[in-house]
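*Asks:*
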Amino acid sequence: MSVIAAPRPRPPLRLAGVLAVSLLFFSTVAGALFAALWVARDIRATHESAVAGTVVEPTQGDFNLPPGVIAVHRVADAAEFASYAGFAPFVPDAIPDSADASSLSYAVAFPDASGVRAGRIAYSAKDGAAVDGISGPLVVLAEARARPGASYDGELKRLTAGTGRALAATLRCGDLVIDVQLYFTPAPAEGEPYLTPYMTSVAERFLDGVTRQCAG
1 MSVIAAPRPR PPLRLAGVLA VSLLFFSTVA GALFAALWVA RDIRATHESA
51 VAGTVVEPTQ GDFNLPPGVI AVHRVADAAE FASYAGFAPF VPDAIPDSAD
101 ASSLSYAVAF PDASGVRAGR IAYSAKDGAA VDGISGPLVV LAEARARPGA
151 SYDGELKRLT AGTGRALAAT LRCGDLVIDV QLYFTPAPAE GEPYLTPYMT
201 SVAERFLDGV TRQCAG
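For the sequence shown, the numbering used here begins at 1 and goes up steadily by one.
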C-alpha cells in the first residue's frame with residue numbers, strides 16, 4: 001500500500017491520514033523482491049534516544065506493519081536517494097508515452113534491523129491518456145542491493161492481489177535487483193479480460209528497454 005509521505009522524518013512518531021493508493025502483495029509473484037511498499041504521510045518518525053537531544057531514525061520494526069510490508073519516505077532527488085540507500089537509483093532512459101516523465105519521484109525505505117535500505121522511484125500516469133479504455137501505467141521501480149547468488153527470471157507476471165490491473169517483473173541489474181511494476185486503470189468489469197493487448201504491449205516494451213539498459 002502506498003500513501004504520501006513527508007520528505008524527511010521528524011519526531012515524534014505519528015502516522016496520520018494514511019491514504020491508500022494501491023495494494024501490492026508480491027508473495028503472489030514468484031521470486032519477487034517486495035511484498036509491498038508503504039509510504040507514510042505525515043510521519044514525524046524519528047525517536048529521541050536515551051542521549052538527551054539526540055534524534056535516532058526509526059527502523060522498519062517501529063512501524064508495526066504487516067509481514068512483508070515496507071515503509072518508505074520521500075526524498076528530494078537522486079543524490080538524496082543515494083545518500084540514504086547507499087546506491088544510486090536506477091532511472092530508466094525511457095518510460096511509456098502514457099506515463100508522465102515530469103512526475104518522477106524518489107523514496108527510500110526506513111532501515112531494517114541490519115541498517116539496510118531499499119529504494120523506489122515512480123512516475124504517475126498522464127491524465128486523460130487512454131487506449132481502448134485503459135489508462136496508465138503508473139510506473140514503479142522498487143530497487144535494492146542484490147543478494148549474492150540470487151537469480152531472477154525477469155518475466156512479466158500478473159499481480160493477482162486486489163482488483164486493479166497490474167503487471168510486474170523482477171530482474172537483476174548490475175549489483176541491484178529491480179521490481180518493475182506497472183499499474184493500469186480501470187479495474188476490469190465482470191466478464192472483461194484482465195489483460196488487454198495495449199497493456200501487454202506497453203509492459204513488454206518498457207521491460208525490454210529496462211533490460212537492455214541494465215545489460216549495457
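Backbone N, C-alpha and C define an ideal beta-carbon position, used for all residues, glycine too.
Output needed for V219: all residues of its chain with C-beta closer than 7 angstroms, excluding positions within five of it in sequence on either side, in chain order.
*Replies:* With the chain running from 1 to 216 in the structure shown, residue 219 is simply not present.
*Asks:* Using C-beta distances below 6 angstroms, list every residue in its chain close to L112, excluding the 5 sequence neighbours before and after it, in chain order.
*Replies:* Translated into the one-based positions of the sequence shown, residue 112 becomes position 112. The question names Leu, but residue 112 in the sequence shown is Asp. Excluding residues within five positions, the ones whose Cβ falls inside 6 angstroms are Q60.
*Asks:* Within 10 angstroms of the Cβ of V116, are there 16 or more other Cβ atoms? Answer buried if so, exposed if not.
*Replies:* The residue labelled residue 116 in the question sits at position 116 within the sequence shown. Under this definition V116 is an exposed residue.
*Asks:* Is R205 helix, strand or coil when you go by DSSP?
*Replies:* Taking the sequence shown and counting its residues from 1, one reaches residue 205 at position 205. Of the three classes helix, strand and coil, the one that applies to R205 here is helix, per DSSP.
*Asks:* Starting from A293, trace the beta strand (DSSP E) both ways and give me its first and last residue.
*Replies:* Absent from the model: residue 293. The displayed extent of the chain is 1 to 216, so no value can be given.
*Asks:* Which word fits R165, buried or exposed, when buried means at least 16 other C-beta atoms lie within 10 angstroms of its C-beta?
*Replies:* In the sequence shown, the residue the question calls residue 165 occupies position 165. R165 should be labelled buried.
*Asks:* Going by Cα to Cα distance, which pick from S151, L182, L65 is closest to L221?
*Replies:* Here the chain comprises residues numbered 1 to 216, so residue 221 is not present and cannot be evaluated.
*Asks:* Which residue comes first and which comes last in the beta strand (DSSP E) that contains F90?
*Replies:* Looking up residue 90 in the sequence shown gives position 90. Taken as a continuous stretch (DSSP letters only), F90 belongs to no beta strand (DSSP E), as it is neither H nor E.
*Asks:* Which residues bound the beta strand (DSSP E) around V69?
*Replies:* Here residue 69 refers to the residue found at position 69 when the sequence shown is read from its first residue. First-last of the beta strand (DSSP E) with V69: 69-75.
*Asks:* Quick one: residues in its chain with C-beta nearer than 8 angstroms to the C-beta of A101, no 5 flanking neighbours on either side, listed in chain order?
*Replies:* What you label residue 101 is simply residue 101 of the sequence shown in a count that begins at 1. Excluding residues within five positions, the ones whose Cβ falls inside 8 angstroms are I95, Y123.
*Asks:* Give the range of the beta strand (DSSP E) segment to which S135 is assigned.
*Replies:* Along the sequence shown, read from residue 1 onward, the residue named residue 135 stands at position 135. Residues 134-145.
*Asks:* Give the range of the beta strand (DSSP E) segment to which I178 is assigned.
*Replies:* As a first step, residue 178 must be located in the sequence shown, where it is residue number 178. Unbroken beta strand (DSSP E) run through I178: 176-185.
*Asks:* Suppose the cutoff is 8 angstroms on Cβ atoms and the five residues either side in sequence are ignored; what does the same chain contact list for V155 look like?
*Replies:* On the sequence shown, position 155 is the one that residue 155 refers to. The sequence given here has Glu at residue 155, not Val. If we look at E155 and ignore the five residues flanking it on each side, its Cβ neighbours are A169.
*Asks:* One question on the structure: do I134 and T196 come within less than 8 angstroms of each other, judged by their Cβ atoms?
*Replies:* Along the sequence shown, read from residue 1 onward, the residue named residue 134 stands at position 134. Along the sequence shown, read from residue 1 onward, the residue named residue 196 stands at position 196. Yes, Cβ-Cβ distance for I134 and T196 is below 8 angstroms.
*Asks:* For the beta strand (DSSP E) containing V108, name the first residue and the last one.
*Replies:* Your numbering for residue 108 matches position 108 in the sequence shown. First-last of the beta strand (DSSP E) with V108: 105-109.
*Asks:* Answer yes or no: do V177 and L207 have a C-beta to C-beta separation smaller than 8 angstroms?
*Replies:* On the sequence shown, residue 177 is found 177 positions in, with the first residue counted as 1. On the sequence shown, residue 207 is found 207 positions in, with the first residue counted as 1. No. Outside cutoff.
*Asks:* With 16 other CB atoms within 10 Å as the buried threshold, where does S98 fall?
*Replies:* If you number the sequence shown from 1, residue 98 lands on position 98. That one is buried.
*Asks:* State buried or exposed for R147, treating a residue as buried only when at least 16 other CB atoms are found within 10 Å of its CB.
*Replies:* As a first step, residue 147 is located in the sequence shown; it is residue number 147 there, counting from the start. Label assigned to R147: exposed.
*Asks:* So the candidates are A88, G209, Q213, E204; which of them puts its Cα closest to the Cα of I121?
*Replies:* Start at 1 with the first residue of the sequence shown, and residue 121 comes out as number 121. Closest by alpha carbon: A88.
*Asks:* Which one of G216, L138, D175 has the shortest CA to CA distance from G86?
*Replies:* Within the sequence shown, residue 86 is the residue found at index 86, counting from 1. Comparing Cα positions, the closest option is D175.
*Asks:* Which of the three DSSP states, helix, strand or coil, is assigned to R158?
*Replies:* Taking the sequence shown and counting its residues from 1, one reaches residue 158 at position 158. In this structure, R158 counts as strand in the three-state DSSP scheme.
*Asks:* Please look up how many angstroms separate the CB atoms of A79 and A118, rounded, as I've assumed it's under 8 angstroms.
*Replies:* The sequence position of residue 79 within the sequence shown is 79, counting from 1. The sequence position of residue 118 within the sequence shown is 118, counting from 1. Between A118 and A79 the Cβ distance is about 18 angstroms, and since that is not below 8 angstroms, they are no contact.
*Asks:* How would you label G68, buried or exposed, when you count the other beta carbons within 10 angstroms and need 16 or more for buried?
*Replies:* Here residue 68 corresponds to residue number 68 of the sequence shown, with the count starting at 1. Answer is exposed; the Cβ neighbour count stays below 16.
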